[in-house]
Each structure stands twice: as C-alpha cells, then as structure tokens.
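In my numbering, the protein residues as written are 144 to 513.
Glycine included, each C-beta is placed from N, C-alpha and C at the ideal position.
Written below as structure tokens is the structure these notes are about.
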C-alpha cells in the first residue's frame, strides 16, 4: 500500500510539473506569435479632401478608404481624414500634399488645371468617355501610367478614388433653349467644360462644393453643375434654381482621385504601397454603385415630391457645344506636349471603345430597356 501511495503521489507531481511546463510553453508561444504579427512600424498619415467633412459619397469614400487601408494593412497604416478647410482650404489640397505638409489628398484632377493642364483628362472630358470606359482606359489602356507621369513632377502618386457616373447638366435660373442663352451666364463649371462655356459667351467660375449654394443664392453665379439628384437634393438647389437640365455633356463619367506625397509613398514597404492601390480600387467600385443607387431614389423625390421638371438640352445646342469642346481641346494641347500625349492616348482609346459601345450598350438602351 505504501509503495502504491508513493507511486501515485509521484505520478501526480509529474503530471502537475508537465502541465505547468506545457502551460508556460503555450503562453510563450502566444506571445511569440503576437510579436510575429505585430507591425514592425505604424505609419500615421493625414488626408485632406476638397469636400466638406463627411460629405455624402465623396467624403464617405475618403473615410472608407482610410478604413480599408487600415484593415488591409493589419493596422500598419492609419489615415486620419480631414474635410476641406479643416487643415487647408479645399482647393489647396494638391499643393499641401505635393510639398509634404500632408501625406494624402482627395479630390478631382480637373481642379489642378492651373498646375498642369494634362490633369483634366483624368477626371472628365466634355463629350468624352463614361465611367466604364474611363476606368478601362486608366486600368488597362495606358491611362494610369500617364497619370503617374503627369503627377510625378509634383512629387505625387495618384490613385483612382471612385467615379460619379454620368452627371446631370446642372441648375439654371433661366431656360437654355439655345446656345445663345449661355451668353453672359456665370456658371460654376470646372475643367475643360469651363473653357467651352466661355466660347459660348458665358463665364466659368470655380467654386468649392461647400460654397455653391450660397454663391447661387446670392447671385455670385447664375447656374451650377454639381453631380446628380442625390447631392442636388441634399444641397437644396431645387429651392433656389428653377431649371434642371440633362444630360451632363460636360462630365459623362467624372473620375475622383486620391493622391499621395511621393516621398512618403516611396518610403513605405512594397506591400503597403500595394495596400494603398488595392484599397483605391475597392473605392472605385463602391462609389459608382452608391451613386447609381442614391440618384435613382432622389430623382424620384425631386420629380414626384418637389415638382421639379427635368429639361433636356436641344440637340442643336449640344452639337454647338461639342464643336466648342474640340476647339478648347486643340488649344489646350497645342502648347503643352504632355497634354498632347495624354489626349492622344485618351482619344484613341475612346474611338476604339465607342465602336463597341455603339453595338452593345447604346443599342440596348435605345431598343430594349424601358
């Protein structure tokens, strides 16, 4: 019996020691594993946008981008998003990121026409490509390489930041029955379209998104384009302008952007550079989907609840504006080799893809879909 007790106690002690050792080893393994996945360095960046803080879709896209970058990088890149005016004025984002004051920005490239005219082709060209076509050019048609080339001299790296889809033609305080009605008209209209308006006798005014309503209300401008029914309803344009026009000849598929300071970008490990790119492509998909959803809902509200009448520009008016667009682009690329290079790529791609769209999407919309 004594021998049995001795053996029993010895066995119990051995089991306790073994379990303790295993427990200690498991704890150490857990710590080691945690250390293995813990980021070696966390990058804390700031992003400034050209939009008001948390602005629907556009500002939301910047917030989602920061969230997805954090998620994809396992917390190794933290981006704090600031709305226009919180760190720098909305239209100074390009310069602030270029000089390294802020690591990233969000906006639309046609805002930077004064910096480099070629930038406009990466956002919207009047009578140009729609969102699907433009994404194709940027992603697989050589557009992205040209975009990076255009921004590189400003120490910037661009990324796709979502697309609005075809926009509306804008809000006017007078009817536009012919191109003559553009004469003397002061309109918020950026990019190449602004030059087209000037050829029609109007005056293009660049106003940040958060200032449009008061500018229209106070008569600083007579008309404005913005995006589409969702934002137009939220901005309240139907309360201060009577006439709502379609189609958005000036912006058939406006490409938004993120842009990073190149010095800061190039200091990131390669896998984190890829995270910034991958997250931007997720935003590209999300934004168009969200715009299509919301614009369908709010067009119905404007028409059926607010009594807004959607009017169409006449074919004659659009034909003349198309001619002015050709003139404006020729003038733009005439004295700028980079703009010429970018536009040649853009227009070649558009001609090719438009032939395909002619026998597919256009035929579908005209003959099948109601």
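Who are residue 314's beta bridge partners in DSSP? 367 and 387
Please give me, in chain order, every unbroken run of the beta strand (DSSP E) with length at least 3 that falls completely inside the stretch 438-469. 453-455
Go ahead and label residue 331 buried or exposed: buried means 16 or more other beta carbons lie within 10 angstroms of its beta carbon, across all protein chains shown. buried
Closest Cβ-Cβ distance between residue 339 and chain C: below 8 Å? Absence of chain C from the displayed structure is noted, only one protein chain being present.
Could you check what DSSP says for residue 425 in three-state terms: helix, strand or coil? helix
Pull up the CB-CB distance for residue 400 and residue 302, whole angstroms please, since I reckon it's below 8 Å. 7 Å
Leaving out the 5 sequence neighbours to the left and right, which residues in its chain are closer than 7 Å to residue 216 when beta-carbon positions are compared? 415 and 418
Residue 261: which of 291, 319 and 278 sits nearest, CA to CA? 291
What does a CB cutoff of less than 7 Å around residue 140 pick up in its chain, not counting 5 residues either side in sequence? In the structure as shown, the chain starts at 144 and stops at 513, and residue 140 therefore has no counterpart that could be examined.
In whole angstroms, what is the alpha-carbon distance linking residue 456 and residue 270? 14 Å
Proximity below 8 Å, CB of residue 304 to CB of residue 423: yes
Using a Cβ-Cβ cut-off of 6 Å (strictly less than) and excluding sequence neighbours within five positions of residue 360, which residues of its own chain qualify? 383
Of the residues 244, 235 and 243, the one placed nearest residue 251, counting alpha carbons only: 235
Own chain partners of residue 342 with C-beta closer than 6 Å, once the 5 adjacent residues on each side are dropped: 467
Are at least three pairs of beta-carbons, each pair with one atom in the stretch 351-367 and one in the stretch 424-439, less than 8 Å apart? no
Taking residue 229 and residue 188 to be in contact with their CB atoms under 8 Å, please state how far apart those CB atoms are, rounded to whole angstroms. That pair is no contact at about 15 Å.
Would a C-beta distance cut-off of 8 Å place residue 454 and residue 376 closer than the cut-off? no
Nearest-angstrom Cα distance between residue 166 and residue 209? Because the pLDDT of residue 166 is 45, which lies under 50, any placement of that residue in the model is unreliable, and the number read from its coordinates should be weighed accordingly. If I take the Cα positions, the gap works out to 39 Å.
Taking only runs that begin and end inside the stretch 185-231, name each unbroken beta strand (DSSP E) of 3 or more residues, in chain order. 186-192 and 220-225
Looking only at its own chain, which residues have a Cβ that is under 7 Å from the Cβ of residue 266, when we skip the five neighbours before and after it? 251, 252, 253, 334, 397 and 398
Assigned secondary structure, residue 262 (DSSP; H/G/I helix, E/B strand, else coil): helix
Residue 337, buried or exposed, once every other Cβ within 10 Å from all chains shown has been counted against 16: buried
On the three-state DSSP scale, how would you describe residue 404? strand
Determine the extent of the alpha helix (DSSP H) in which residue 509 is found, giving its start and end residues. 504-510
Output the distance between the C-alpha atoms of residue 306 and residue 327, rounded to the nearest integer angstrom. 31 Å
Which class does residue 249 belong to by DSSP, given the choice of helix, strand or coil? strand
Pull up the distance between the alpha-carbon of residue 385 and that of residue 242, whole angstroms please. 43 Å
Under a three-way DSSP split, which group does residue 285 fall into? coil
By a C-beta neighbour count over all protein chains shown, 10 Å radius and 16 as the cutoff for buried, is residue 395 buried or exposed? buried
DSSP on residue 296, reduced to helix/strand/coil? coil
Of the listed residues 499, 381, 406 and 408, nearest to residue 448 (C-alpha basis): 381
Close-in-space but distant-in-sequence residues of the same chain around residue 278 (CB under 7 Å, 5 per side omitted): 306 and 427
What separation, rounded to the nearest whole angstrom, lies between the Cα atoms of residue 481 and residue 475? 10 Å
Beta-carbon proximity check, residue 227 vs residue 421, cutoff 8 Å: no
Buried or exposed for residue 220, please, with buried defined as at least 16 other CB atoms from any protein chain shown within 10 angstroms of its CB. buried
From the DSSP secondary-structure annotation, give me the bridge partner or partners of residue 347. 330
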